[in-house]
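Residue numbers (numbering that gives the first Met the number 0), protein chains in the order written: chain S, 0 to 126; chain H, 0 to 488.
Just so it is clear, CB atoms sit at the ideal spot from N, CA and C, and this is done for glycine as well.
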Amino acid sequence: MNVPADLKYTKSHEWIRIDGDTAIIGITEHAQSELGDVVFVELPEPGRVLQAEETLGSVESVKTVSDLYAPMAGEVVEVNGALTGQPELVNSDSMGEGWMVKLKMNDASDADGLLDAAGYEAVLADA
Amino acid sequence: MTTRTVPTPKPIFEKSRPGRIGCNIPVADTPKVDLAAAVGETRDSVAWPEIGELDLVRHFTNLSQINYGIDTGFYPLGSCTMKYNPRINEQTAALPGFARLHPMQPEESIPGAIEVMLGVQDFLKEITGFDEITMQPVAGAHGELTCLMMIKAYHESRGEGDQRNIVLVPDSAHGTNPASAARCGYKVKSVPTDAEGNTDIEALRAVMDETVAAFMVTNPSTLGLFEPHIKEICDLVHEKGGQVFCDGANMNAMVGVTRPGDHGFDCMHLNLHKTFSTPHGGGGPGCGAIGLQSHLEAFMPAPLVTRGAVGEPVLDDDRPQSIGRVSSFFGQFLMAVRALTYLAAYGSDGLPEIARHAVLNANYIKARLKDVLPPAHDRPCMHECILTAKEYKKYGVRALDISKRLIDLGFHPPTNYFPLIVPECMMIEPTETESKETLDEFCDAMIQICTEAREDHELLINAPQKQVVGRLNEAEAVKNLDVKWQADR
């Protein structure tokens with residue numbers, strides 16, 4: 000399973016790319032593999048303000064519907080509109096073209112509490 | 000076992016020929032009426048297929064032969080209780096006195112029908128241990144929603160309607176539980192399952208406070224396990240003023256043996272179309288009967304099927320605190336006739352045998368398959384066993400591939416990927432109506448498939464091969480749903 004070292008992770012299988020005070024969020028390769036073929040991605044409106052761990056959207060696959068959680072507090076500045084017509088990007092390129100939400104963090108230091116690659120690999124080993 | 004190969008059926012519309020007709024329509028001996036003048040705008044063509052009687056008979060007979068149902072084979076779909084429904088149910092439902100009733104008949108003319116519903120209610124009170132029963136909800140999820148609406152009305156009547164805005168559900172819950180709660184305007188919080196497969200009581204204690212309206216518990220759980228601490232769980236919720244709802248999808252494991260009303264639950268739903276042998280599959284007609292304790296009685300959906308001053312069967316519509324009607328009539332009345340037939344045929348001696356054999360059959364399958372498909376929790380199960388196929392991932396095989404291969408071996412697959420907390424989950428519910436020989440044939444097929452998964456996984460990846468259609472593209476079916484035939488394609 001591909002777990003890039005330059006990303007942060009959550010136990011609920013989101014990845015986060017930190018860029019200054021911006022966080023780009025998607026779901027991990029493991030998560031897309033467990034979900035199976037993704038058929039719909041529900042994303043928040045830009046401008047929405049989220050608390051940490053608040054539900055920010057959902058991913059529907061042929062198996063199930065799974066919630067997405069905000070890894071930290073912040074404001075949604077952009078969502079990946081390409082997923083509306085091509086939800087399968089989440090399967091084919093979960094950590095690239097399948098990104099979901101760009102969040103402007105309230106406090107950039109919130110990212111320090113997230114899992115690093117080694118921490119997330121330990122979560123996967125337990126699964 | 001071989002599966003009969005049948006030609007791919009054509010839609011009936013493609014067999015249509017202009018002017019062909021299947022019956023002789025008599026010449027009208029009444030005056031002609033201009034339809035457009037009588038009813039307004041009409042369509043020139045409704046594109047009905049035009050077909051001869053013999054072609055019509057062949058069309059539907061051939062379709063029926065590629066159908067798979069409980070009458071043709073084993074159907075171990077977990078959480079669905081696909082038991083055999085005895086034919087005598089159909090005989091009583093076809094009695095003209097029942098079958099020819101009209102839903103709009105005046106109440107005074109249907110005492111017999113009301114008496115039948117009272118008979119079912121009395122049986123269900125005895126079986127569940129609840130004070131009241133109504134058969135008004137027309138599906139399981141409808142029963143859940145009705146119970147939550149009553150719980151909401153109950154809290155409102157005590158001045159706690161605004162304060163209690165949260166409903167708790169276990170992380171193993173049926174998806175309908177959070178959906179019903181959300182539909183009622185509640186926020187949903189998930190309660191985790193512990194390592195043994197039970198509700199994590201400490202986690203429940205941590206979230207249980209005076210903002211919680213209800214905890215929705217499935218018992219036996221969707222893991223096929225009886226919740227041993229159910230009394231303690233109910234007490235814990237009641238201490239904080241919450242209500243406990245029992246999702247009764249799994250009642251088949253308890254019929255005649257133990258009663259949810261005695262466990263501390265405030266209300267529950269039952270699926271007559273699962274546990275009590277009314278038609279199931281093909282969309283029903285379902286019945287999500289509910290049971291409740293007396294403190295919720297004032298809020299029941301009106302009218303109530305009950306008895307009047309001298310014991311006569313009546314419909315009681317004088318219910319000022321009722322949440323109102325939840326369906327126009329009492330569903331499809333003939334399912335009450337079928338349920339009463341089933342309940343009366345088994346009686347108090349026979350009903351516990353349903354649960355005992357359902358539990359025995361599930362444990363037999365669990366024991367026979369444990370070396371190839373280990374149980375998610377290794378302890379005696381109830382009416383269904385929950386197995387994991389995760390060890391086959393290393394061969395490139397998922398639970399879905401095992402199920403697709405099972406179709407080629409002549410069996411309906413079990414439920415896959417539910418409950419969500421079990422990886423590569425296979426949920427097998429054999430029900431009480433299957434013989435040991437059938438269970439053995441199924442287990443032999445599963446063991447064969449697990450060997451194939453290790454040695455020749457292409458057989459699984461490319462299954463099914465012997466059906467009218469092969470592996471369907473489920474993602475495409477969801478994204479581009481296309482169920483309507485169109486002439487111009």
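Whole-angstrom C-beta distance between residue j and residue i, which should lie under 8 Å
i	j	result
H:L271	H:F97	Going by Cβ atoms, the distance from H:L271 to H:F97 rounds to 16 Å, so no, they are not a contact pair.
H:N249	H:E226	The Cβ separation is near 10 Å, so there is no contact.
H:E436	H:N360	Wrong, their Cβ atoms sit about 12 Å apart, outside the cutoff.
H:G21	H:L55	6 Å
H:A172	H:T217	6 Å
S:A116	S:V2	5 Å
H:A375	H:L222	6 Å
S:V75	S:L102	6 Å
S:A22	S:Q50	Incorrect: roughly 14 Å between the Cβ atoms, too far for contact.
S:E77	S:L88	Their Cβ separation, rounded to whole angstroms, is 16 Å, which puts S:E77 and S:L88 out of contact at 8 Å.
H:L224	H:C183	About 28 Å separates the two Cβ atoms, so there is no contact after all.
Close-in-space but distant-in-sequence residues of the same chain around residue i (CB under 7 Å, 5 per side omitted)
i	result
S:N90	Q31, D36, V37
S:H12	I26, T27, H29, A30
H:M0	Low local confidence applies: a pLDDT of 42 at H:M0 is under 50, so the model's placement there is unreliable, and no value is given.
H:M116	M134, V304, F329, A335
S:Y119	V2, Y8
H:T80	N251, K273, T274, E428, T430
H:P102	F328
Within-9 Å CB hit, residue i to chain H
i	result
S:S57	no
S:V38	yes
S:G25	no
S:V61	yes
S:E33	yes
S:E53	no
S:E87	yes
S:V64	yes
Within-9 Å CB hit, residue i to chain S
i	result
H:E473	yes
H:R3	With a pLDDT of only 49 at H:R3, under 50, the local geometry of the prediction cannot be trusted, and the value read off the model is given with reservation. Cβ-Cβ to chain S under 9 Å: no for H:R3.
H:M0	For H:M0, the pLDDT reaches just 42, beneath the cut-off of 50, and the residue's location in the model is therefore unreliable, leaving the point undetermined.
H:L419	yes
H:Y345	no
H:N164	no
H:G263	no
H:P169	no
H:G395	no
H:A399	Rather than Ala, the amino acid found at residue 399 of chain H in this sequence is Leu. Yes, its Cβ sits closer than 9 Å to a Cβ of chain S.
H:G174	yes
H:N415	yes
H:P351	no
H:P373	no
H:K403	no
H:L468	It should be noted that the sequence gives Val, not Leu, for residue 468 of chain H. Cβ-Cβ to chain S under 9 Å: no for H:V468.
Residue i classed as buried or exposed, judged by whether at least 16 other C-beta atoms fall within 10 angstroms
i	result
H:L53	exposed
H:W47	exposed
H:N84	buried
H:E383	buried
H:A194	exposed
S:K7	buried
H:D33	exposed
H:A92	buried
H:A561	Residue 561 of chain H cannot be examined here, being either before or after the span of chain H that is shown, 0 to 488.
S:S60	buried
H:G241	buried
H:W484	exposed
H:N88	buried
H:F441	buried
H:T145	buried
Nonlocal neighbours in the same chain, by C-beta distance under 8 Å from residue i, ignoring five residues either side
i	result
H:M299	E131, T133, M149, L291, R318, S321, I322
H:S156	A297, F298, Q320
H:M445	L368, V371, L372, I401, L405
H:E107	none
Cutoff 6 Å; reference residue i; Cβ partners in own chain excluding five residues on either side
i	result
S:L114	Y8
S:K10	V122
H:A398	A388, N415, E423, M425
H:S402	P412, N415
H:L342	F122
**Asked** So, do the segment 307–327 of chain H and the segment 340–351 of chain H have three or more beta carbon pairs nearer to each other than 8 Å?
**Response** The segment 307–327 of chain H is not in contact with the segment 340–351 of chain H.
**Prompt:** Contact between the segment 414–423 of chain H and the segment 328–345 of chain H: three or more CB pairs below 8 Å?
**Reply:** Touching, no, given that fewer than three Cβ pairs across the two stretches are closer than 8 Å.
**Asked** Given 8 Å as the limit, is there contact between the segment 456–471 of chain H and the segment 385–396 of chain H, that is, 3 or more CB pairs closer than that?
**Response** At 8 Å Cβ cutoff, the stretches touch.
**Request:** State whether the segment 251–262 of chain H contacts the segment 112–129 of chain H, with contact taken as three or more CB pairs (one from each stretch) at a distance under 8 Å.
**Result:** Counting Cβ pairs under 8 Å, three or more are found: they touch.
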